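For what it's worth, this note's numbering labels the leading residue of the sequence shown as 48, then goes sequentially.
Ideal Cβ placement from N, Cα and C applies to all residues, glycine included.
In this text the structure is predicted, and so the values were computed from the model without any measurement.
Structure first, then comments.
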Amino acid sequence: LELKEEEQEEALEQEEEKIEREMEAKEDAEKAIKEAEEEKQEVLDEAAGEGVSVPAGAFEKFDKLLAQAKELFAKENYVGAKQLAKQAEKSLDKIEEAVDDLDEANEEEEELKEEQEERAKEGAGKEAERLGKEQEKAEEATREAEERLREAGNEDED
48 LELKEEEQEE
58 ALEQEEEKIE
68 REMEAKEDAE
78 KAIKEAEEEK
88 QEVLDEAAGE
98 GVSVPAGAFE
108 KFDKLLAQAK
118 ELFAKENYVG
128 AKQLAKQAEK
138 SLDKIEEAVD
148 DLDEANEEEE
158 ELKEEQEERA
168 KEGAGKEAER
178 LGKEQEKAEE
188 ATREAEERLR
198 EAGNEDED
């Protein structure tokens, strides 16, 4: 009788440990799914903050993996659900990298555009300066011509 009681107690402990492991696996899977969803939102927020629009199709792999993770979770396959959620989150790395690359390219393009505008202004400034000097020369030539004319007029008067 005592032996049977010990066996039942041991079986009960094993059952409790099993339930505890399942609950832990469930919590881990829930956490992984939540983290993946939060990471996607962070990527979207970062892209928006950088002025980069992410095409809807960019998240296709992520969405598919996360949907599968949620399906497995619903079927109480918590280990599989956690693995798929982690894969989904990892798939965001490429999107995030592409967003960063696009942001850098946009910044570089903007810098080049500004530099080009600056050079155009400098060129226009130089052109204006050249025209100003030509105008001064023309004004000087006009004054000289007027002076010569006056002198010529004075010479006629003599």
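DSSP on Glu187, reduced to helix/strand/coil? helix
Taking one C-beta from the segment 126 to 144 and one from the segment 108 to 116 each time, how about it: are there three or more such pairs within less than 8 Å? yes
Can you list, in chain order, the stretches of the alpha helix (DSSP H) that have 4 or more residues and sit fully within the segment 116 to 204? 125 to 204
Below 8 Å, how does it come out for the segment 102 to 110 and the segment 161 to 179: are there three or more Cβ pairs, yes or no? no
Nearest to Lys87 (by Cα), restricted to the options Asp148, Ala135 and Ala185: Ala135
Quick check on this structure: which residue in Glu154, Val146 and Glu123 has the alpha carbon closest to the alpha carbon of Ala95? Val146
Tell me the rounded alpha-carbon separation between Leu149 and Leu119. 35 Å
Straight-line gap, Lys180 to Val90 (C-alpha atoms, nearest Å): 56 Å
Where Val90 falls: helix, strand or coil (DSSP): helix
Which value, in whole angstroms, describes the spacing of the CA atoms of Glu56 and Lys137? 44 Å
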